[in-house]
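Asks: Going down the list, the protein sequences come from chains V and A. For the first sequence, position 21 (counting from the first letter as 1) is numbered 21 according to our numbering, and the numbering increases by one without interruption. For the second sequence, position 13 (counting from the first letter as 1) is numbered 1013 according to our numbering, and the numbering increases by one without interruption. Even for Gly, the Cβ is constructed at its ideal location relative to N, Cα and C. From a predicted model like this one, the values you see are computed outputs, not experimental measurements. Here it is, the structure, as structure tokens.
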Amino acid sequence: MSSEAFTQLVDAHYAPLYRFALSLARNSADAGDLVQQTFFIWATKGHGLREAAKAKSWLFTTLYREFLRGRRRDARATSIEDLPPGEADIPAEEVDRVARLDASTVMVALQSVEEVFRAPLTLFYLEDLSYQEIAAALDVPIGTVMSRLSRGKSQLRAALAQGESAAASKVVPFSAAKGGGRS
Amino acid sequence: MTNEEAKFILSAYRPGGGDAADPAFAAALTQAQQDPALGTWFAQQQRHGAAVAARLREIVPPAGLREAILAGARASGRPSVRAWWTRPSLLAAAASVLVLFGVAGTMWWRSPSMQLGRLEAFAVDDTLHARHGSHGEAVSALGTVLSQPDTHLGGTLPVDFAALRTTGCRTINFAGHDVVELCFTRGGAEFHFYVLQQADFPRLPASGAIDFGQREGMAFASWTDAAHRYVAVSAAGLGAIRQLL
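This is the structure in structure tokens:
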């Protein structure tokens, strides 16, 4: 792959890869490392133009595997798999809640979702991969992806509710802050 | 198909996804159109999902990550496919490198000397290939104007966009951490000066002698103090670099 093609590949995918990495690694530095490492592997393995069509899936898959290599699998991951889907109705106020929160708060909420659900959930919201590609990237059956999405969404909604409560508790009335600062 | 089964399938559905037309969703989508309760649930799911996805798209990668990826690939000596794909000797050499990286994994640059070498290669490569300019006069001049108490930003500002784009300091990303680059000239020679926080790079040597070197026609020196690691790069040669120190 030429230098120009490599640059195009980076431009096309580094931002969504970073968002995925940030949800997994939970901090910007490690997320940046993961993205760099992923492209480094691509570069050193010298992938050709013929593989460019599959590049996106390959990059997400490799990033996830690099993340997994960096730490041991959580033993709870397999047991959680057995839990039934927990999709409940979403009250309208929960939808409005997301609209009120900023991107970083939503990311923090996503990062609090258990990892086994977090990876498919992030890939789902990023909309870069099909559900079949998500299954392939995570090396799990399609049904498992759907199950994890269902559970993950429930956890995310709970985390978003907590995130909003936390954000609200940080709000200091202007008059109180002013008075406190001068007393 | 029960509504619970439909919910299970529709939990993976995204109207903006590349798989939205996948036949696997068809029956569940039809059921959502026909069943009011399921339809309400589905509509709320879609609104919620769209809101979360929109927020995630607002997450911006750190400044310089793109440049770091590109520079890192160049610094690794990434050849074109044809250059080493078709040459057995280079293929064998590359395989050796891959084995080395494969065995070491992400640990490959964690030894202090290797990480220092990687940093120096990064700095040289950035100097050679990144978009930056000579000495940042335009940035400095604009900064002076902006900092003046009587400057009204609503008015006309002396912005030379081309100069700003090609000169001045930048914050770039190396191994996931910010590195500040400043460009300056001294004695007619141009220098690129990179500053890292030691705390961000605990695996870099925290002290030691100044490390001089040359790479790709550029001379560089790397040294440290209590809080920072510095790399100076210039095409003016090692003599010019030594005169800085």
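Using only the alpha-carbon positions, how far apart do A1028 (chain A) and A1227 (chain A) sit?
Replies: The alpha-carbon atoms of A1028 (chain A) and A1227 (chain A) are separated by roughly 60 Å.
Asks: Could you pull the DSSP bridge partners for S1234 (chain A) from this structure?
Replies: Answer is A:A1219, bridged to S1234 (chain A).
Asks: So, for D1035 (chain A): in the same chain, excluding its five sequence neighbours on each side, which residues have a beta-carbon less than 7 Å away from its beta-carbon?
Replies: Only N1003 meet the Cβ criterion.
Asks: If you measure beta-carbon to beta-carbon, which residues of the stretch 1055-1071 of chain A are closer than 7 Å to chain V?
Replies: Under the 7 Å Cβ criterion, the stretch 1055-1071 of chain A contributes R1055, L1056, E1058, I1059, P1061, P1062, L1065, R1066, A1068, I1069 and L1070.
Asks: Starting from the C-beta of Y18 (chain V), find all residues in its chain whose C-beta is less than 8 Å away, skip the five residues before and the five after it, and write them out in chain order.
Replies: Result list for Y18 (chain V): A31, G32 and V35, in chain order.
Asks: Could you check the C-alpha separation between R97 (chain V) and L160 (chain V) for me, to the nearest Å?
Replies: Each residue's Cα considered, the two are about 8 Å apart.
Asks: Determine, for Y18 (chain V), whether the minimum Cβ-Cβ distance to residues of chain A falls below 8 Å.
Replies: Output row for Y18 (chain V): interface = yes.
Asks: Quick one: what's got a C-beta closer than 8 Å to Q111 (chain V)'s C-beta in the same chain, skipping five residues either side?
Replies: Cβ neighbours of Q111 (chain V) beyond the five flanking positions: L22, S23, R26 and R118.
Asks: If I follow the unbroken beta strand (DSSP E) through Y1194 (chain A), where does it start and stop?
Replies: Looking at the DSSP string, the run of the beta strand (DSSP E) that includes Y1194 (chain A) is A1189 to Q1197.
Asks: Starting from I1059 (chain A), trace the alpha helix (DSSP H) in both directions and tell me its first and last residue.
Replies: Run containing I1059 (chain A): none; DSSP gives neither H nor E here.
Asks: In terms of alpha-carbon separation, which member of V:T122, V:T38 and V:V140 lies closest to R1066 (chain A)?
Replies: Per the Cα distances, V:T38.
Asks: Is the number of C-beta pairs between the stretch 1206-1223 of chain A and the stretch 1177-1191 of chain A that are closer than 8 Å three or more?
Replies: Short answer: they don't touch.
Asks: According to the Cβ coordinates, are L1116 (chain A) and S1222 (chain A) closer than 8 Å?
Replies: Result yes, Cβ atoms of L1116 (chain A) and S1222 (chain A) sit closer than 8 Å.
Asks: Does any C-beta atom of chain V lie closer than 8 Å to the C-beta of H1192 (chain A)?
Replies: Answer no: the Cβ-Cβ gap between H1192 (chain A) and chain V never drops below 8 Å.
Asks: Given that a residue counts as buried once 16 or more other Cβ atoms are within 10 Å of its Cβ, and exposed if not, what is D139 (chain V)?
Replies: Exposed, since its Cβ has fewer than 16 Cβ neighbours within 10 Å.
Asks: Rounded C-beta distance between G163 (chain V) and L101 (chain V)? I'm assuming under 8 Å.
Replies: So it is a contact: roughly 6 Å between Cβ atoms.
Asks: Output, in chain order, the set of chain A residues within a Cβ distance shorter than 8 Å of L101 (chain V).
Replies: Under the 8 Å cutoff, chain A gives R1055.
Asks: If you run the structure through DSSP and keep just helix, strand and coil, what is F39 (chain V)?
Replies: Helix, per DSSP.
Asks: Can you find at least 3 beta carbon pairs, one from the stretch 1228-1243 of chain A and one from the stretch 1192-1203 of chain A, that sit closer than 8 Å?
Replies: Verdict: yes, contact present.
Asks: So A1068 (chain A) packs on F1174 (chain A), CB below 8 Å; how close in whole Å?
Replies: Confirmed, about 6 Å.
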